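Per my numbering: the sequence shown ends with 310, consecutive numbering throughout.
In what follows, a structure is listed as structure tokens, so that the remarks can point back to it.
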Amino acid sequence: MIRLALWATLMLVGCKDKAEEDTGEGELIDASGDGDDGECGGTPSVITSVTCTPTIGDVGDQLDQPILRFDVVATDEDGDLDAYRLSLYLDETIDGVVLPEGSPYGPSTGTTDGGECTTTEVNLGLRAGIPGTFPALETRYEWGLVLTDAGGVDSAIYTVACTTPDASGMGDPMTEPTGG
Numbered sequence: 131m132i133r134l135a136l137w138a139t140l141m142l143v144g145c146k147d148k149a150e151e152d153t154g155e156g157e158l159i160d161a162s163g164d165g166d167d168g169e170c171g172g173t174p175s176v177i178t179s180v181t182c183t184p185t186i187g188d189v190g191d192q193l194d195q196p197i198l199r200f201d202v203v204a205t206d207e208d209g210d211l212d213a214y215r216l217s218l219y220l221d222e223t224i225d226g227v228v229l230p231e232g233s234p235y236g237p238s239t240g241t242t243d244g245g246e247c248t249t250t251e252v253n254l255g256l257r258a259g260i261p262g263t264f265p266a267l268e269t270r271y272e273w274g275l276v277l278t279d280a281g282g283v284d285s286a287i288y289t290v291a292c293t294t295p296d297a298s299g300m301g302d303p304m305t306e307p308t309g310g
């Protein structure tokens, strides 16, 4: 499985520490010990935009590898983006449809400094290593992203067509939303 890196810049209404633990299976669990997931939940997040940028960076222990960076903006009206899982899928056919299955990338999970029910918007960055086999270098793919909130509710898949970088991490990604 290809390694993904995730970072987040957050817009928070309030701040309250909440301990979360990544189980390694992409499942977020409440690790605070109180068993309380707050009063929010049930409303799916909405990915509002995705931008792709080719770059170079480290992938695991391999230095200076070609990477496609995804900048993701998402909202959630019930505010339960204090913990999240971001999944990335790809398809060789650009037709507005990417099935959320069979990805060479594992999901990335994270938590924010926001309190329960107060994190209504996040700006996430996801870096996908491009090994040159699959996905190939300098190739246009349709990518699908799904954001799962702390309540375990998945967003609708957001699809975007982007071109992978060349071996030096350069190229024009030609970001184009394709389906939603």
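The beta carbon of each residue, even a glycine, is placed where N, CA and C say it ideally should be.
As the structure is a computational prediction, the values presented were derived from the model and not from experiment.
| Asked | Found |
| --- | --- |
| Can you tell me where the beta strand (DSSP E) holding Leu267 begins and where it ends? | Careful: Leu267 lies outside any beta strand (DSSP E) and carries neither H nor E. |
| Whose CA, out of Tyr214, Cys170, Gly226, Asp201, lies closest to the CA of Pro307? | Gly226 |
| Do you know how far the Cα of Pro303 is from the Cα of Phe200? | 10 Å |
| Using three-state DSSP, classify Glu306 as helix, strand or coil. | strand |
| Determine which residues share a DSSP beta bridge with Val283 and list them. | The partner list for Val283 (beta bridge, DSSP) is empty, contrary to what the question assumes. |
| Quick test of your reading: Glu207 and Thr248, contact by CB under 8 Å. State the CB separation rounded to the nearest angstrom. | Not a contact, Cβ separation roughly 12 Å. |
| Can you check DSSP and say which residues form a bridge with Pro184? | Leu198 |
| Kindly indicate which residue of Gly301, Asp188, Asp243 has the alpha-carbon position closest to the one of Ala258. | Asp188 |
| How close, in whole Å, do the beta carbons of Thr242 and Asp284 come, if the pair is a contact with beta carbons under 8 Å? | 18 Å between Cβ atoms; not a contact. |
| Are the beta-carbon atoms of Leu218 and Leu256 separated by less than 9 Å? | yes |
| Return helix, strand or coil for Ala297, following the three-state DSSP convention. | coil |
| Please return the same chain residues whose Cβ sits closer than 7 Å to the Cβ of Thr181, not counting the five positions on each side in sequence. | Asp201, Thr305 |
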